């Protein structure tokens, strides 16, 4: 009965009467009079009231009469049927199915953050517009330029059919905008609000895809089209033309897919919704208001199709302006990434993002497109919200999914069977422009560059029309004009990384061809096909042919084989391009590419971080590797871009040869991180295993670690189980979660450096778990510069006892103090494998060191203890140095000098200082050197022996040289 409220009272009465029959009708009428004071005059009662009243009337009228029970059962059966009918109300069922359809989120949307439309939706701005304004927006380069709408022109999406004049109602509305501007989002919001009862201007909404209609080859009537599309409405479709269903809204999405012709010679007039017509003819008659004149129509289209509907058939033009306001962009990011105020890390992230948006940076200019906001959110989630238990994601996969969301399998010209997919065309043209920019290290492009990449000089009229439509509708999605003082305007890629992705797509798809390859490919294909036919014919009459002709046939067959060799060389060239771009000398000291992406999104890092260099193209080879991954190739195949397995194998073989020789060289930490990301993007475990198996050491010092980078390192290094000689993670901001992910890799390492990471208690727990692992192979563990609190000591202490692999442990500058040393000493005493321990620079005094001295005397394996740079008196130092007088005693390094002599271990002490000075605060390093120089001065004053003074002077010179180096690094 719910659907009755949408109908006029006369229609309601007719439907009820038809459904219940004459037997029950008298009782039903009596019940209605009882419940509402008369059906004609009072309000229509609801179903529950009617059923109760009917039952009451049956009991009164049939009391004492024969067959009253059967009569009552019959009426109740009719009421049950009426209830079932109301539950299957066509319009309510239509609302339910539309909500399921438009509320469905594709898998790409569910990869990160919230994916509920109600939770994350932010409405794009809609403004009243006109064809004249559209022409102004595409005046420069023929590319759509974003212009913020006037405040007076902005309207709400649910007010597009509202007008202040009754005399001129709004029936036909056009909503236009380029790809990614949010047209479909507006339609989705409008339909979902209608399904939820929040948009009551229309009694029925019927959305259609023009792409689906364009594939309809046969004529079809409007009613049949609706019945086929929405089977739940079959029972009321005949009433659509009668006007009994109230206000109806037709939505036609993507009008550029249909070719409309409003000339009467091409489209005859028809007002019968039951008469079959071609789909474009149906739409023309609806827009002319010749068919269903009372119906409202919303048409969405790209700007190039705006002229396809004469202005006299459009009551209102509206333009989707995207997110023209920074606050809108910021709200989208917060809602999409589900940032709560309780999470300080996420709040800091959003604060940096908001500051960058407020700077009116290139990010702000790009985020007026809602689609790019999606991409930025995906990137932020990829960089900052990745976890070890999430499905494997790659950077290239995000960009490929981004293209799939916006272009799908769209064809450049659906009427032409030879036409290629939009994405392939983008790779051939925009990708070519992007690649030429990378070759020439340029990010700004002129109109001449544009014409050359599209090959406009050699095009026919039809091809030029296609290119013009592409530039208007889609090129503005990738590129945007920028104003230049006193010179012509230039173009740049809206999102810098998109230039590198499209350039990579251009290369990997084989669109970068030499003239020989272009000509050879065509000739080879032609000759190859012809030679098959010729060979088949000649094989029949081969006995009658002269030898020369047979030789000619063999030569024909040779050419395709020659071309295959040329083609193989092109695959080798792709591999060479990857290696060359990855290991450019000028990029050696840049941040790793993940950090560059992060900086480009969040702007300048707090604390003096760097911005991403606009002319640094280190993502380019990473994207090329990612496009060769199986999952991305499957996605590209759906987009009409096929990369064959043979091509991938040839490129991989060439890559393997180059990388095997390159990785043996000492790579800078950021370059090594880029190499690991390159192998991760490739998603080829066998290939990654061969390359990572040659990595005997990993120096990633000063690479700011994130969960994502740790996942990348672990995924690549776990493809091989070879032992690792050295891993350096100093100054990497390691946390507990990072060490947990890296655990399988770290346990295979012989020399592990984790110094200066400001480790928290969670990290110490993971180090403890690492040391207690029976497979732990660590021999030399450096934990310098990490504060060892009492809780941290008690956390790592038991693992020191249980571990049987670590022989050298460095705890230099860990703020132990006397109390910490007192807690640590029993754990060292019970270890039976340690040979050397460094406790230098830990504020240890004479009182704290005494218990350690007694333990050291009894320790079975300890050979050397570092205690210099502590607050130990001269008498205390003498007692400690006396320990080594016993031939089997322990060497205790407490100073650079021993009385008036230099220490025999001064070079070892200095080496430790130098090694730590590279990674720690330079001012602290200078302070350490000054303390040791004070010892030198004291020893110099204590002796008059010129030989001893000469040796002390040699040590002094070494210190001065080191001080100069540190001061230069500070500058």
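Numbering (the working numbering), first residue to last: 27 to 997. For each residue, glycine too, the CB sits at the ideal point set by N, CA and C. None of these values were measured; they are calculated from a predicted model.
From the DSSP output, read off the bridge partner residues of residue i.
i	result
residue 507	517
residue 892	864 and 919
residue 233	277
residue 266	Bridge partners of residue 266: none, in fact.
residue 153	180 and 345
residue 834	806 and 862
residue 471	517
residue 897	871
residue 303	246
residue 437	447
Measuring alpha carbon to alpha carbon, tell me which residue in the options is nearest residue i.
i	options	result
residue 712	730, 243, 687 and 741	741
residue 867	309, 861 and 875	875
residue 724	753, 717 and 747	753
residue 778	784, 761 and 755	755
residue 604	415, 660, 682 and 133	682
residue 727	617, 705, 762 and 650	617
residue 412	438, 363 and 450	363
residue 673	666, 688, 685 and 656	656
residue 186	314, 401 and 343	343
residue 810	841, 817 and 823	841
residue 886	916, 864 and 904	916
residue 229	200, 322 and 250	322
residue 384	353, 399, 405 and 854	353
residue 998	476, 491 and 893	Coverage of the chain is limited to positions 27 through 997, which leaves residue 998 absent and any answer about it impossible.
residue 491	280, 439, 465 and 397	439
residue 882	869, 859, 909 and 642	909
residue 870	845, 860, 889 and 858	845
residue 533	972, 315, 503 and 602	602
residue 135	404, 715 and 830	404
In angstroms with no decimal places, state the Cα-to-Cα distance between residue i and residue j.
i	j	result
residue 334	residue 328	11 Å
residue 757	residue 122	56 Å
residue 606	residue 485	35 Å
residue 984	residue 812	28 Å
residue 690	residue 703	17 Å
residue 999	residue 198	Absent from the structure is residue 999, since the part of the chain shown begins at 27 and ends at 997.
residue 407	residue 819	35 Å
residue 482	residue 474	10 Å
residue 632	residue 374	Residue placement at residue 632 cannot be trusted, given a pLDDT of 40 that sits under 50; the coordinates are not used to answer.
residue 386	residue 744	43 Å
residue 653	residue 519	20 Å
residue 640	residue 686	The predicted position of residue 640 is uncertain, since its pLDDT is 46 and thus under 50; a value taken from the coordinates is nonetheless stated next. Roughly 30 Å between the two C-alpha positions.
residue 764	residue 414	10 Å
residue 330	residue 495	5 Å
residue 497	residue 774	55 Å
What are the start and end residues of the beta strand (DSSP E) that includes residue i?
i	result
residue 322	322–327
residue 919	917–919
residue 759	Counting along the chain, residue 759 falls outside any beta strand (DSSP E), and DSSP gives it neither H nor E.
residue 491	Unbroken run through residue 491 is the alpha helix (DSSP H), 487–496; no beta strand (DSSP E).
residue 775	775–779
residue 807	806–808
residue 202	198–202
residue 724	723–725
For the alpha helix (DSSP H) that contains residue i, what are its first and last residues?
i	result
residue 219	209–221
residue 128	116–128
residue 754	Note, residue 754: premise wrong, no alpha helix (DSSP H); beta strand (DSSP E) at 750–754.
residue 418	Taken as a continuous stretch (DSSP letters only), residue 418 belongs to no alpha helix (DSSP H), as it is neither H nor E.
*Cβ contact (3+ pairs, closer than 8 Å) linking the segment 801–817 and the segment 827–838*: yes
*the segment 209–222 in contact with the segment 249–267 per 3-pair CB rule at 8 Å*: no
*Do the segment 755–770 and the segment 793–803 make contact, defined as three or more Cβ pairs closer than 8 Å?*
yes
*asked:* Taking contact to mean 3 or more Cβ pairs, one atom from each stretch, closer than 8 Å, check whether the segment 177–186 and the segment 150–160 are in contact.
replied: yes
*asked:* Quick test of the definition: if touching needs 3 or more C-beta pairs under 8 Å, does the segment 222–230 touch the segment 345–355?
replied: no
*Are the segment 420–429 and the segment 230–240 touching, with three or more C-beta to C-beta distances below 8 Å?*
no
*Please confirm if the segment 453–471 is in contact with the segment 417–426, defined as three or more CB-CB distances below 8 Å between the two stretches.*
no
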